[in-house]
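Here is the structure we will look at.
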Ligand SMILES: Nc1ncnc2c1ncn2[C@@H]1O[C@H](COP(=O)(O)OP(=O)(O)OP(=O)(O)O)[C@@H](O)[C@H]1O
Ligand SMILES: [Mg+2]
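Residue numbers (UniProt numbering), protein chains in the order written: chain C, 1 to 382; chain L, 1 to 311.
So, in structure tokens, the structure goes:
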């Protein structure tokens with residue numbers, strides 16, 4: 001243990017003395033976050049497209065409700081019919097559909113609202129925002145209905161008063177978080193790409209030490225090969241963790257990107273991915289004979305797989321075959337986990353994703369260990 | 001007790017035998033020279049002693065203990081100065097020495113003390129904070145040595161510590177070797193420079209094609225050669241000299257130029273000095289001195305291995 005710490009200490013000191021390391025480890029992911037904001041972070045947010053189907057005729061309450069939705073900021077309302085509504089939502093031409101069935105106004109008036117459905121395929125949050133505002137609006141009217149308990153005249157009188165401007169509800173902005181979610185997703189896409197590059201950079205130290213002979217010099221001391229590799233992995237994990245924390249900090253506290261999920265939840269997920277990056281980097285180092293070869297392998301492996309897994313472009317634009325291929329890439333599972341978290345899934349329910357990422361880490365490491373073991377005749381071991 | 005004892009040591013790389021059944025012992029307090037041409041197997045042997053290579057056959061004992069069984073003990077007691085510089089260019093001289101010494105478990109004030117001491121010892125006491133990338137070749141070599149001695153090993157192995165450096169640094173290093181020896185260290189020293197080995201080594205082994213073909217003090221080695229003598233002829237300039245014509249002179253076995261001296265090996269029993277001088281005169285070479293000598297270590301090496309130490 002004492003020896004491992006000694007090796008870790010030396011590596012950290014010489015790594016962080018080098019300005020290039022700072023750039024690679026922290027500069028690039030932060031730049032990635034900035035770039036994502038430029039690409040997807042349309043700061044004002046996009047308008048929500050809401051389609052409304054009205055089957056309740058010309059009732060005042062119904063008309064007012066539709067008007068209420070229309071007056072919400074950043075909402076565009078189209079009136080439509082049921083079939084085209086569903087089609088439009090499926091095609092992504094509408095974000096939210098509100099279907100008002102026959103009898104809606106009556107149900108509100110009687111103090112027992114119903115007959116209204118809200119459909120959407122966008123994140124739960126957007127729907128929830130519209131829903132909650134609608135609910136509070138309808139709730140108020142329902143309260144009048146309850147109060148007057150069937151007395152038509154009394155209801156109309158109070159309702160009329162409620163519609164006066166002095167009582168009017170302030171129209172709220174429905175914040176569409178899907179764009180900031182894209183920013184988060186994309187930032188993570190870049191972050192994990194850079195994490196993979198930094199991992200190879202760090203493991204590549206083994207090859208560089210071989211090339212500058214300090215490797216053999218270390219093994220003429222009582223340090224064992226296992227201690228040496230463990231120390232290297234430990235530094236790698238430390239750097240991954242720092243990268244994650246720094247990037248998340250910048251996203252949250254400097255760029256104020258609303259990820260839609262508590263940032264703390266991303267840390268273990270990203271770290272798990274970090275472990276598979278470390279495993280992959282060890283594998284590359286085990287197979288490469290020199291730093292130059294490792295560099296070539298890293299470019300050949302990391303960049304294309306990141307592209308396929310959707311680190312650089314949203315997955316939606318990729319053809320089906322690519323999506324299927326991406327199932328075999330750890331990056332895909334990380335991004336998928338992030339997506340699911342943003343859709344409101346709890347981390348605990350995503351154990352399949354987490355298990356797959358852990359499996360990637362384990363598989364890569366085992367292959368690396370096997371390969372290291374085979375080189376051991378010369379006791380040069382790596 | 002012998003510090004190092006090697007028995008029937010063999011190393012094969014595939015079918016190639018790099019070290020061929022070597023037997024060797026080095027006593028405490030010796031400066032043991034390891035002489036051999038390129039590829040003779042010196043570094044391979046040293047790497048096996050340092051546990052960097054596994055022997056194909058045979059065993060190595062350090063201070064009476066088998067190094068495979070007592071690996072940590074062996075490593076703690078060996079300091080290795082690798083043939084190829086093994087230092088970090090991006091760490092200061094102090095950090096380099098301190099890091100390597102720390103690998104042997106030294107920490108805290110003791111580590112600091114030993115690091116200082118080692119840097120002083122190689123004459124880099126004022127270069128603590130400098131980075132080796134700004135060092136001359138000689139300074140790097142010295143730092144390489146400091147990294148090997150800070151943990152105070154009993155046996156120090158130097159694999160060509162003076163290769164490619166200025167004479168001043170070389171003298172410094174040779175003096176350090178003597179000083180280390182005076183302090184009680186046993187030293188194994190390999191070099192391509194015959195004069196160095198002749199100057200500092202108390203005993204010498206000559207390796208060729210993986211075998212030790214002779215070993216002993218320089219006097220012993222020289223006395224094994226009775227049929228060859230050295231003829232050294234000082235000349236002004238040898239540009240007009242036809243070396244081949246000299247080789248054809250009866251009894252001459254080798255001819256080479258070293259600075260201003262024409263070094264000729266010849267059979268002892270043939271008296272050919274007249275013929276040699278005649279040829280030189282015919283080639284208009286200006287002769288300044290002529291000496292007949294006991295065979296030098298270089299001649300011993302050449303006679304035994306059939307090749308020059310340096311090509
Ligand atoms: N890992 C290896 N695999 C195959 N052959 C090797 C290996 N290491 C050394 N050799 C061969 O073994 C022979 C001995 O090499 P070694 O480095 O011990 O020579 P040396 O006496 O130190 O030479 P030099 O004076 O050039 O340093 C050489 O022919 C070399 O090519
Ligand atoms: Mg050598």
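Glycine residues also receive a C-beta, built at the ideal position from the N, C-alpha and C atoms.
Kindly list, in the order they appear in chain C, the residues whose Cβ is closer than 8 Å to that of residue 80/L. Residues of chain C whose Cβ lies closer than 8 Å to the Cβ of residue 80/L are, in chain order, 217, 220.
When you compare only the Cα positions, how much space is there between residue 99/C and residue 105/C? Roughly 13 Å between the two C-alpha positions.
Quick check: is the beta carbon of residue 239/C nearer than 8 Å to any beta carbon in chain L? Output row for residue 239/C: interface = no.
Less than 8 Å between the beta carbons of residue 53/C and residue 75/C, yes or no? Residue 75/C sits away from residue 53/C, with the two beta carbons spaced by 8 Å or more.
Is residue 143/L near residue 124/L, with beta carbons less than 8 Å apart? Against a cut-off of 8 Å, the Cβ pair of residue 124/L and residue 143/L comes out as a contact.
Could you tell me whether any Cβ in chain C is nearer than 8 Å to the Cβ of residue 210/L? Judged by the 8 Å Cβ criterion, residue 210/L is not in contact with chain C.
Taking Cβ-Cβ distances shorter than 7 Å, what residues in chain C pair up with residue 99/L? Result: 10.
Mind pulling the chain C residues with CB within less than 7 Å of residue 18/L? Neighbours of residue 18/L on chain C: none; closest Cβ ~12 Å, over 7 Å.
Report buried or exposed for residue 362/L, applying the criterion of at least 16 other Cβ atoms within 10 angstroms of its Cβ. Only positions 1 to 311 of chain L appear in this structure, which leaves residue 362/L out of reach.
Residue 4/C versus 305/C, 65/C, 234/C, residue with shortest Cα-Cα distance: Measuring from the Cα of residue 4/C, the nearest candidate turns out to be 234/C.
Members of the stretch 18 to 41 of chain C near chain L, C-beta cut-off 8 Å: If the cut-off is 8 Å between Cβ atoms, the stretch 18 to 41 of chain C has 18 near chain L.
Examine ligand 2 and report whether any of its heavy atoms sits within less than 7 Å of the Cβ of residue 240/L. No - ligand 2 has no heavy atom lying nearer than 7 Å to the Cβ of residue 240/L.
Identified DSSP bridge partners for residue 215/L: Looking at the DSSP output, residue 215/L sits in a beta bridge with 205/L.
Between 275/L, 65/L, 295/L, which lies nearest to residue 251/L when the distance is taken from Cα to Cα? Ranking 275/L, 65/L, 295/L by Cα distance to residue 251/L puts 275/L first.
In the DSSP assignment, what are the bridge partners of residue 292/L? Looking at the DSSP output, residue 292/L bridges to 231/L.
Would you kindly report the start and end of the unbroken beta strand (DSSP E) that includes residue 118/C? Residues 116 to 120.
Leaving aside the five residues before and after residue 371/C along the sequence, list all residues of the same chain whose C-beta is less than 8 Å from its C-beta, in chain order. Cβ within range, chain order: 283, 286, 287.
Alpha carbon of residue 232/C to alpha carbon of residue 276/C, nearest angstrom: Each residue's Cα considered, the two are about 15 Å apart.
Please return the same chain residues whose Cβ sits closer than 8 Å to the Cβ of residue 159/L, not counting the five positions on each side in sequence. Excluding sequence neighbours, residue 159/L sits near 42, 43, 46, 80, 81, 82, 83, 190.
Among the residues of its own chain, which have a CB less than 6 Å from the CB of residue 43/C, if the five just before and after it don't count? With a pLDDT of 46 at residue 43/C, under the threshold of 50, the modelled position of that residue is not reliable, and no figure is offered here.
Going by C-alpha distance, which of 60/L, 90/L, 27/L is nearest residue 20/C? Of all alpha-carbon atoms in 60/L, 90/L, 27/L, the one lying nearest the alpha-carbon of residue 20/C is that of 90/L.
Between residue 42/L and ligand 1, is there a pair consisting of the residue's CB and a ligand heavy atom that are separated by less than 7 Å? For ligand 1, at least one heavy atom lies less than 7 Å from the Cβ of residue 42/L.
Find the residues of chain L that neighbour residue 223/C, judging by a C-beta separation of less than 7 Å, and give them in chain order. 103, listed in chain order.
Name the residue from 229/C, 148/C, 132/C, 1/C whose alpha carbon lies nearest to the alpha carbon of residue 112/C. Considering only alpha carbons, the answer is 148/C.
Residue 83/L Cβ short of 7 Å to ligand 3 heavy atom set: What this structure holds is ligand 1 and ligand 2, not ligand 3.
Could you tell me whether any Cβ in chain L is nearer than 8 Å to the Cβ of residue 44/C? Residue placement at residue 44/C is flagged as unreliable, the pLDDT there being 45, under the threshold of 50; a coordinate-derived value is accordingly withheld.
For chain C, is any of its Cβ atoms less than 8 Å away from the one on residue 76/L? Cβ-Cβ to chain C under 8 Å: yes for residue 76/L.
Evaluate residue 2/C with the Cβ neighbour count: other Cβ atoms within 10 Å of its Cβ, from every protein chain shown; 16 or more gives buried, anything less gives exposed. Answer is exposed; the Cβ neighbour count stays below 16.
Check the C-beta distance from residue 40/C over to residue 186/C and give it rounded, since I have them as a contact under 8 Å. Contact holds; Cβ gap of about 6 Å.
With distances taken from CA atoms, which of 35/L, 19/L, 188/L is nearest residue 11/L? Put simply, of 35/L, 19/L, 188/L the residue whose alpha carbon is nearest the alpha carbon of residue 11/L is 19/L.
Consult DSSP for residue 244/L and reduce its assignment to one of helix, strand or coil. Here residue 244/L carries a helix assignment [DSSP, helix/strand/coil].
Tell me whether residue 5/L sits in a helix, a strand or coil according to DSSP, three-state version. Here DSSP, grouped into helix, strand and coil, assigns residue 5/L to strand.
When the Cα atoms are used, what is the spatial distance from residue 212/L to residue 34/L? Using only the alpha carbons, I get a separation of about 9 Å.
Distance CB(residue 304/L)-CB(residue 206/L) smaller than 8 Å: Yes. Within cutoff.
Please determine, among 129/L, 49/L, 249/L, 57/L, the residue with the shortest C-alpha to C-alpha distance to residue 70/L. The option with the nearest alpha carbon to residue 70/L is 49/L.
Simplified DSSP state of residue 299/C, which is helix, strand or coil: Here residue 299/C sits in helix by DSSP.
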